[in-house]
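Presented below is the structure to which this report refers.
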Amino acid sequence: MHYESISITKPLLPKFEELEEEIKEILSTGQITNGKYVSIIESLVAEYIGVKQVVAVSSCTLGLILALQSAGLKGKIIIPSFTFSATGHSLWWNGLEPVFVDCCPNTFNIDVTKIEEQLTEDVSCILAVHIFGNPADVKELEKIAHKYNLYLLFDAAHGFGGTFDGKTLGSFGDAEVFSLSPTKLLVAGEGGLITTNNRELANKIRIARNYGDPGTYNCKNIGLNARMSEFHAILAIKSLPLVKKNIYRRQSIVQRYIKNLSNIPGISFQQINPQAESTFKDFSILIDRDKFGMDRDSLADILMSKNISSRRYFYPPLHRQDVYRKYFSQYDKLLPNTNYVSFNILNLPIYFGLT
Ligand SMILES: *Cc1c(COP(=O)(O)O)cnc(C)c1O
């Protein structure tokens with residue numbers, strides 16, 4: 073039996089003809105970096121989100137690194153362990169230590185009720201993640217950050233176009249950082265966007281993405297080259313109008329998945345906060361091995377034998393990865409939901425063109 077192969081995701085991209093004019097222009101003027109298209113995508117996104125400042129960078133990872141650096145953070149940072157590696161790695165590049173907080177077993181986002189018990193004097197910031205595009209509990213996180221005078225950042229890699237209380241993600245906390253890589257909602261090929269209402273922070277990040285050079289060759293700090301190129305900016309500009317219809321299509325795929333899978337024993341779904349709209353960057357199911365009759369890995373093997381890709385996001389969780397092994401013994405007992413979700417989750421194909 074031959075099965076059509078179904079990938080886990082595919083980017084929704086504009087046609088070449090839509091980019092042709094701009095690409096021809098930058099090739100003929102030679103302005104292929106430090107040009108107007110990066111400024112244009114920054115303004116378009118500021119308007120789309122309703123946020124004052126947008127700084128485009130070459131990846132979300134570098135955006136996180138530069139946001140932490142420019143905020144001048146010290147000590148320890150609260151992060152989930154149930155996330156992508158880059159959330160954690162951004163701390164190391166700034167000499168910061170993670171404090172891993174468990175996730176909620178239903179939403180898979182950081183469990184806001186477990187943050188206070190892990191706060192110490194040297195915690196300076198909460199870095200939360202909108203897991204799979206499901207907005208984190210931003211209002212509660214803002215309350216905690218305010219109460220303890222903590223910085224609040226969001227790794228919004230999955231979150232472009234999602235909303236909380238009717239407000240588009242990107243203006244919560246002190247800053248949010250989006251990814252524009254091909255598996256995410258807004259695609260530039262590679263790229264990131266830092267969004268904030270704090271002009272001073274945005275200006276620091278603008279200098280930091282350019283080696284730390286404010287334009288005088290007299291550097292202010294140890295920056296990076298984290299600039300977005302004009303090619304990537306043009307692709308992002310042409311992808312921006314596609315985001316909404318991509319999210320609608322994903323919502324209808326999710327409804328269909330849930331309708332058809334919900335009466336199978338042992339399958340449950342990520343719960344979306346009723347105040348929020350997810351981007352459904354990913355669609356995941358949790359497999360209860362006893363009720364379902366097989367474990368998550370066996371199901372993945374069977375899907376693969378029928379040419380259907382699936383993914384185990386995020387497995388292993390950060391505190392169980394080799395690179396973070398020194399945190400394992402301190403944190404593993406504090407992260408039962410993270411372990412449960414990570415060991416039983418399976419992400420199924422979801423993308424605009426999925427038949
Ligand atoms: C993809 C991703 C990143 C990294 O984004 P890049 O643009 O590839 O650097 C960071 N955090 C999360 C949660 C991600 O999924």
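When we follow this note's numbering, the leftmost residue of the sequence shown carries the number 73, and every step to the right adds one.
Virtual Cβ for every residue (Gly too), placed ideally from N, Cα, C.
Per DSSP, what kind of secondary structure is D285 in: helix, strand or coil? coil
Do you know offhand how far L375's Cα is from L168's? 40 Å
When the distance is taken between beta carbons, is Y403 closer than 8 Å to S153? yes
Whose C-beta lies closer than 8 Å to the C-beta of I306 among residues of the same chain, with five residues either side of it excluded? The beta carbon of I306 lies closer than 8 Å to those of L91, E94, I95, I98, Y109 in the same chain, with the five residues before and after it left out.
Coil, strand or helix - I104 by DSSP: coil
Reduced DSSP secondary structure (H/G/I, E/B, other) of N293: coil
Please report the straight-line C-alpha distance between R278 and I187, rounded to a whole angstrom. 31 Å
Out of A280, T427, L420, state which residue places its alpha-carbon closest to the alpha-carbon of I80. Of the candidates A280, T427, L420, the one whose C-alpha sits nearest the C-alpha of I80 is L420.
R299 to T159 span [Cα, whole Å]: The alpha-carbon atoms of R299 and T159 are separated by roughly 20 Å.
Ligand 1 heavy atom lying under 7 Å from the CB of F303: No, the beta carbon of F303 sits no closer than 7 Å to any heavy atom of ligand 1.
Would you identify the three-state DSSP class for P152, choosing helix, strand or coil? Three-state DSSP puts P152 in a strand.
For N419, list the residues DSSP reports as bridge partners. As DSSP reads the structure, N419 sits in a beta bridge with S356, R383.
Can you check DSSP and say which residues form a bridge with G264? V129, S251
In terms of residue numbering, what span does the beta strand (DSSP E) encompassing V171 cover? Run containing V171: 169–173, per the beta strand (DSSP E) assignment.
Candidates F232, R271, D394, N293: closest to A348 by CA position: Of F232, R271, D394, N293, the smallest CA-CA separation from A348 is found for F232.
V326 - DSSP class collapsed to helix/strand/coil: In the structure shown, the three-state DSSP call for V326 is helix.
Measuring alpha carbon to alpha carbon, tell me which of K82, A118, E76, V127 ends up nearest K276. Checked all of K82, A118, E76, V127; the closest Cα to K276 is V127.
G264 and S131 look like a contact to me (Cβ under 8 Å); what is the Cβ gap, rounded to whole Å? Correct: roughly 5 Å between the Cβ atoms.
Taking the C-alpha atoms as reference points, what is the distance between F180 and Y423? 21 Å
For ligand 1, residues whose Cβ lies under 6 Å from any non-hydrogen atom: Sorted by chain position, residues whose beta-carbon lies closer than 6 Å to a non-hydrogen atom of ligand 1 are S131, C132, T133, T155, F156, A158, T159, V201, D227, A229, H230, S251, S253, G264.
Distance, Cα to Cα, D209 vs D237? Taking the straight line from one Cα to the other gives about 11 Å.
Does the beta-carbon distance from I216 to L257 come in below 8 Å? no
Close beta carbons around V413, own chain, < 7 Å, minus the five adjacent residues each side: F154, C175, P177, F180, L358
Candidates K316, P313, Q342, L314: which alpha carbon is nearest Q327's? Q342
Where P254 and K331 are concerned, what is the direct C-alpha to C-alpha distance, given to the nearest angstrom? 28 Å
Which residues does DSSP pair with S430 in a beta bridge? The first residue shown for the chain is 73 and the last is 427, placing residue 430 beyond what the model contains.
Under the assumption that L213 contacts A247 (Cβ atoms under 8 Å), give the Cβ distance between them as a whole number of angstroms. Contact flag wrong, Cβ pair sits at about 13 Å.
In three-state terms, what does DSSP make of V201? strand
In DSSP terms, what K239 is bridged to: F236
Minimum C-alpha distance to T410 - residue among I112, F156, G338, F244: Nearest option by C-alpha distance: F156.
Out of curiosity, what's the CA-to-CA distance linking K82 and K316? Within the model, the alpha-carbon separation for K82 versus K316 is close to 16 Å.
In the structure shown, what three-state DSSP assignment does I374 receive? helix
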